Amino acid sequence: MTVCPELELIENFYDAEDRSRFLAYFLRRHPWPDNRYTFGGRQFVLPRLQTWHADAGIRYSYSNNLLVTRPWTASLLAIRAEVESRLAYRFNSVLVNFYRDGDDFVGWHADNEPELGESPLIASLSFGAARPLAFRHKISGETGRLVLPTGSLLLMRPAFQSQWQHSVPQDRGISAARINLTFRKVCQPTDRVNV
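Structure below.
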């Protein structure tokens, strides 16, 4: 199994009490919108639920699909503050994914949209069911898997998005829910370097 030096897993970022509290919040109180989206004039069903939260003025899209920006909730602000304090890094947005069970997934991709700049640092926080993150090198084809337990924080260093793709594969043997928060720093158009 390939070890990826651009990934760092911080287990037990949150203790058992906080893990349970935040999981309950996201499952019972977080507002989840419909999971349909439009691409190329056709409507699709996203194989998970998600919300996008960001500071004022921040816009983000992937696969040419502009995400609806929602305000930060008190819980998301509290989590962001703890992640930023631990990493000494400032994030201005978060994508919150709800994998209802093992049928929900995200396919192979890299978080390399222009809005993230050339070298994005992404912090991925998990609550609930442990799910593997699969990754594969874009050139060599090397593959690996890293299980993300509840309460863990995965740091994806800047080179990860340019060199690797990743996914959360389907696993019909998983019946429990997983919440994943991926904190990002979206660049304003004036922050991007023109080449």
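Under numbering that gives the first Met the number 0, think of the first position of the sequence shown as 0, with each following residue one higher. Beta carbons are placed, not taken as given, at the ideal position from N, Cα and C, and that holds for glycine. Small disclaimer: the values here were computed from a predicted structure and weren't measured.
At a cut-off of 8 Å, is residue i close to the ligand SAM when judged by its beta-carbon and the heavy atoms of the ligand?
i	result
residue 177	The ligand SAM is not among the ligands present in this structure, which contains no ligands whatsoever.
Quick one: Cα of residue i to Cα of residue j, how far?
i	j	result
residue 21	residue 117	32 Å
residue 206	residue 15	Since the first residue shown for the chain is 0 and the last is 194, residue 206 is missing from the structure and cannot be characterised.
residue 28	residue 48	14 Å
residue 56	residue 93	14 Å
What do you reckon, are the CB atoms on residue i and residue j nearer than 9 Å?
i	j	result
residue 125	residue 147	yes
residue 198	residue 53	In this structure the chain extends from 0 to 194, so residue 198 is not present and cannot be described.
residue 95	residue 149	no
residue 202	residue 163	Nothing about residue 202 can be read from this structure; the chain reaches only from 0 to 194.
Tell me whether residue i sits in a helix, a strand or coil according to DSSP, three-state version.
i	result
residue 169	coil
residue 174	coil
residue 121	strand
residue 24	helix
residue 84	helix
How would you call residue i, buried or exposed, if buried means at least 16 neighbouring beta carbons within 10 angstroms?
i	result
residue 119	buried
residue 152	buried
residue 161	exposed
residue 179	buried
residue 11	exposed
Return no unless some Cβ of chain B is closer than 9 Å to the Cβ of residue i.
i	result
residue 131	No chain B is present in this structure, which holds just one protein chain.
Where do the ends of the beta strand (DSSP E) carrying residue i lie?
i	result
residue 131	130-136
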